[in-house]
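Down below is the structure, laid out as structure tokens.
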Amino acid sequence: MDRISMFTAAAITWRERVSNANTILLVTHVNPDGDALGSLIGLMMALPQLTEATIIPVVQQPIPQYLEWVPGSEQSIALTADKPWPNPDLIITVDCASADRLGGIAPQHIHHIEHTAVIQIDHHATNTLFGVHNLVVADACATCEIITEFLPYLGITITAGIATPLLLGIMTDTQSFQIYDTSAKTLSLGASLFTAGADHARIVSKVFRSTRLEALTLASRVINAMHTHGDVVWCGVPLTWVEELNATDDESDEALHMLQRIEGPEVIMLIKQRNQGVKISLRSRNVNVAAVAKKHGGGGHIHAAGINLAEHTIDSAAALLLPDLTALCTDSSPSTNHSE
Ligand SMILES: [Mn+2]
599 MDRISMFTAA AITWRERVSN ANTILLVTHV NPDGDALGSL IGLMMALPQL
649 TEATIIPVVQ QPIPQYLEWV PGSEQSIALT ADKPWPNPDL IITVDCASAD
699 RLGGIAPQHI HHIEHTAVIQ IDHHATNTLF GVHNLVVADA CATCEIITEF
749 LPYLGITITA GIATPLLLGI MTDTQSFQIY DTSAKTLSLG ASLFTAGADH
799 ARIVSKVFRS TRLEALTLAS RVINAMHTHG DVVWCGVPLT WVEELNATDD
849 ESDEALHMLQ RIEGPEVIML IKQRNQGVKI SLRSRNVNVA AVAKKHGGGG
899 HIHAAGINLA EHTIDSAAAL LLPDLTALCT DSSPSTNHSE
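The opening position of the sequence shown corresponds to residue 599 in the numbering used here, with each subsequent residue numbered one higher.
Spelled out as structure tokens, the structure:
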């Protein structure tokens with residue numbers, strides 16, 4: 599279905615569901631990034647144009663430091679075990695590929711979700727379509743891109759307050775319009791957010807020019823210990839390094855950004871040690887790393903995917919994934935498949 603028919607149909611469902619709701623929960627994925635938070639705050643600011651419902655923005659706390667400045671994010675809460683379930687009659691999830699990745703809701707509350715209508719808006723090709731209505735546009739670069747295009751179908755005017763979080767999400771998920779899936783549509787929707795008054799300068803200074811020295815020091819240590827296997831380059835991030843250098847878990851992503859700038863490798867893998875197991879990030883130039891992620895219980899996009907492995911160390915995770923990743927590089931011709 600083309601986007602116009604898809605958005606027209608979705609708008610009918612959304613208007614009905616949203617305008618009939620008394621309490622709406624907005625939820626996004628665990629470990630929120632710019633697109634997750636931008637989508638959630640953008641919708642939080644937009645929906646009052648459509649409904650008088652109480653809107654509760656739920657985000658895993660604390661919000662990463664580089665996103666704390668986003669106006670509206672201070673209203674977000676986590677539904678921890680000590681808080682009562684707010685009995686929403688509608689849950690809207692944004693940028694979340696599957697129900698088990700929802701963040702900010704304590705395990706004690708999770709069962710309520712099964713008994714509540716969920717509608718979702720997302721751009722992950724691996725989305726499990728867990729809602730009663732699923733607006734999933736896999737060729738969009740960011741969930742914020744979909745929301746920017748969709749809001750006018752709901753009769754919502756994008757104000758400056760709505761435009762800033764939406765532009766944040768587009769800029770972070772496209773790495774400032776660098777990822778190869780960036781389209782004319784992405785740029786024109788970005789331009790419309792500029793016109794609406796998005797605070798571009800603040801996004802640039804708070805997100806792209808605010809790296810702490812500790813993060814760069816960690817990245818340099820990680821890159822110094824880099825391994826090369828044919829077209830695959832991989833690095834591990836032991837927890838002790840993060841602690842010793844007074845960096846944070848989020849800040850180890852800086853190493854991933856730097857690794858992607860190296861000329862040559864087809865696939866980049868960063869394996870972060872966690873208190874339990876490891877978190878793996880995969881990035882590629884051409885091949886479909888989402889397929890490998892999916893095989894090992896993860897998910898994501900063709901050129902950017904992730905996996906959590908609770909039972910693995912950095913070395914055992916590398917040993918598990920390297921055969922699949924090197925095979926991917928030798929087998930695959932450049933992938934143009936966006937429909938998985
Ligand atoms: Mn996203």
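Positions of the beta carbon are idealized from the N, C-alpha and C atoms, including for glycine.
Open item on the list: Beta-carbon within less than 7 angstroms of alanine 908's beta-carbon, same chain only, minus the 5 sequence neighbours each way: which residues are those?
Closed with: A distance below 7 angstroms between beta-carbons, with the five flanking residues on each side excluded, links alanine 908 to the following residues of its chain, in chain order: Gln874, Gly875.
Open item on the list: On the CB-based measure, 16 or more other CB atoms within 10 Å of its CB, does aspartate 631 come out buried or exposed?
Closed with: Under this definition aspartate 631 is a buried residue.
Task: Backbone CA spacing between arginine 615 and glycine 701 [nearest angstrom] - done: Arginine 615 and glycine 701 have their alpha carbons spaced roughly 23 angstroms apart.
Task: Beta-carbon spacing of valine 835, isoleucine 869 below 9 angstroms - done: A contact, by the Cβ cut-off of 9 angstroms.
Open item on the list: Short of 6 angstroms in beta carbon distance, which residues of its chain neighbour cysteine 742, apart from the five on each side in sequence? Order them along the chain.
Closed with: Excluding positions up to five away in sequence, the list reads Asp633, Gly636, Ser637, Leu764, Gly767, Ile768.
Task: N-terminal and C-terminal residue of the beta strand (DSSP E) that arginine 881 is part of - done: For arginine 881, the enclosing beta strand (DSSP E) begins and ends at 876–882.
Task: Alpha carbon of glycine 795 to alpha carbon of cysteine 927, nearest angstrom - done: Their Cα atoms are separated by approximately 43 angstroms.
TODO: Go through the residues and name those whose CB comes closer than 6 angstroms to any heavy atom of ligand 1, in chain order.
DONE: With the cut-off at 6 angstroms, the residues found are Asp633, Asp693, His721, Ala740, Thr741, Asp771.
TODO: Helix, strand or coil for alanine 736, going by three-state DSSP, please let me know.
DONE: In the structure shown, the three-state DSSP call for alanine 736 is coil.
Task: Whole-number beta carbon distance between phenylalanine 775 and phenylalanine 605, since they are thought to touch under 8 angstroms - done: Phenylalanine 775 and phenylalanine 605 do not touch by the CB rule: their CB atoms are close to 22 angstroms apart, not below 8 angstroms.
Open item on the list: Quick check: the Cα distance between valine 887 and histidine 901, rounded to an integer number of angstroms?
Closed with: Between valine 887 and histidine 901, the C-alpha separation is close to 6 angstroms.
Open item on the list: Given this structure, state the Cα-to-Cα distance separating isoleucine 708 from valine 625, to the nearest angstrom.
Closed with: Going by the C-alpha atoms only, they are around 12 angstroms apart.
Open item on the list: Under 8 angstroms, with one C-beta from each stretch per pair, do the region 916–927 and the region 826–835 reach the 3-pair mark?
Closed with: Between the region 916–927 and the region 826–835, the count of C-beta pairs closer than 8 angstroms reaches three or more; the two stretches touch.
TODO: Consult DSSP for tryptophan 839 and reduce its assignment to one of helix, strand or coil.
DONE: Correct three-state label for tryptophan 839: helix.
- [ ] Using beta-carbon positions only, say whether isoleucine 717 and histidine 731 come within less than 9 angstroms of one another.
- [x] The answer is yes: Cβ separation under 9 angstroms.
Task: CB of glycine 896 within 9 angstroms of CB of histidine 722, strictly - done: No, the pair does not count as a contact, with Cβ atoms beyond the cut-off.
Task: Nearest neighbour of tryptophan 839, chosen from Leu857, Val820, Cys694, Met824 [CA to CA] - done: The candidate whose alpha carbon is nearest that of tryptophan 839 is Val820.
- [ ] Let me know if isoleucine 689 comes out buried or exposed under the rule of 16 or more other beta-carbons within 10 Å of its beta-carbon.
- [x] The residue in question, isoleucine 689, is buried, as its Cβ has 16 or more Cβ neighbours within 10 Å.
- [ ] On the DSSP bridge assignment, give the partners of asparagine 906 in chain order.
- [x] DSSP output for asparagine 906 lists Lys877 as bridge partner(s).
Task: Cβ-based neighbour list, valine 805, same chain, cut-off 8 angstroms, excluding 5 preceding and 5 following - done: Closer than 8 angstroms at the Cβ level, and outside the excluded window around valine 805, lie Gly632, Tyr664, Leu665, Leu766, Met769, Thr770.
- [ ] Return the first residue and the last residue of the alpha helix (DSSP H) that methionine 867 is part of.
- [x] Element bounds for methionine 867: not the alpha helix (DSSP H) but the beta strand (DSSP E), 865–871.
Task: N-terminal and C-terminal residue of the alpha helix (DSSP H) that glutamine 706 is part of - done: Per DSSP, the continuous alpha helix (DSSP H) segment holding glutamine 706 begins and ends at 705–708.
Open item on the list: Which same chain residues end up closer than 8 angstroms to asparagine 935 when comparing Cβ atoms and leaving out the 5 residues on each side of it in sequence?
Closed with: Legend: pLDDT at asparagine 935 = 41, less than 50; position of this residue unreliable, value from coordinates given subsequently. Counting only Cβ-Cβ distances below 8 angstroms, and skipping sequence neighbours, we find Asn886, Ile900.
Task: Secondary structure of glutamate 938, DSSP reduced to three states - done: Any reading at glutamate 938 needs caution, since the residue's pLDDT is 31, under 50, leaving its predicted position unreliable; the model's value is listed next. Note: glutamate 938 maps to coil in three-state DSSP.
Open item on the list: For a minimum of 3 consecutive residues, which ranges assigned as the beta strand (DSSP E) are wholly contained in the region 618–656?
Closed with: List check, beta strand (DSSP E) in window: 621–626, 652–656.
Task: Helix, strand or coil at tryptophan 683 according to DSSP, with G and I counted as helix - done: Three-state result, tryptophan 683: coil.
Open item on the list: Let me check understanding here. Comparing Cα to Cα, which of Trp667, Leu677, Ile760, Ala644 lies closest to glutamine 658?
Closed with: The shortest Cα separation from glutamine 658 among Trp667, Leu677, Ile760, Ala644 belongs to Leu677.
- [ ] For glutamine 858, I'd like the list of residues in its chain whose CB is within less than 7 angstroms of its CB, leaving aside the five on either flank, ordered along the chain.
- [x] The answer, listed in chain order, is Ile866, Arg881.
Open item on the list: What does the alpha-carbon distance come out to for the pair tryptophan 667 and isoleucine 661?
Closed with: Tryptophan 667 and isoleucine 661: Cα-Cα distance of roughly 10 angstroms.
TODO: Look at the Cβ atom of arginine 810, then the Cβ atom of glutamate 842, and state whether they are nearer than 9 angstroms.
DONE: At least 9 angstroms separates the beta-carbon of arginine 810 from that of glutamate 842.
- [ ] Give the secondary structure of valine 668 by DSSP, where H, G and I count as helix, E and B as strand, and everything else as coil.
- [x] Coil at valine 668, not helix or strand.
Open item on the list: If we require 4 or more residues per run, which alpha helix (DSSP H) segments fall completely within the region 777–834?
Closed with: With a minimum length of 4 residues, the continuous alpha helix (DSSP H) runs that stay inside the region 777–834 are 782–793, 798–801, 811–822.
Task: Beta carbon of threonine 691 nearer than 9 angstroms to that of aspartate 737 - done: In this structure, aspartate 737 does not lie closer than 9 angstroms to threonine 691 by Cβ.
Open item on the list: Classify leucine 727: buried if its beta carbon has 16 or more other beta carbons within 10 angstroms, exposed otherwise.
Closed with: So leucine 727 ends up on the exposed side.
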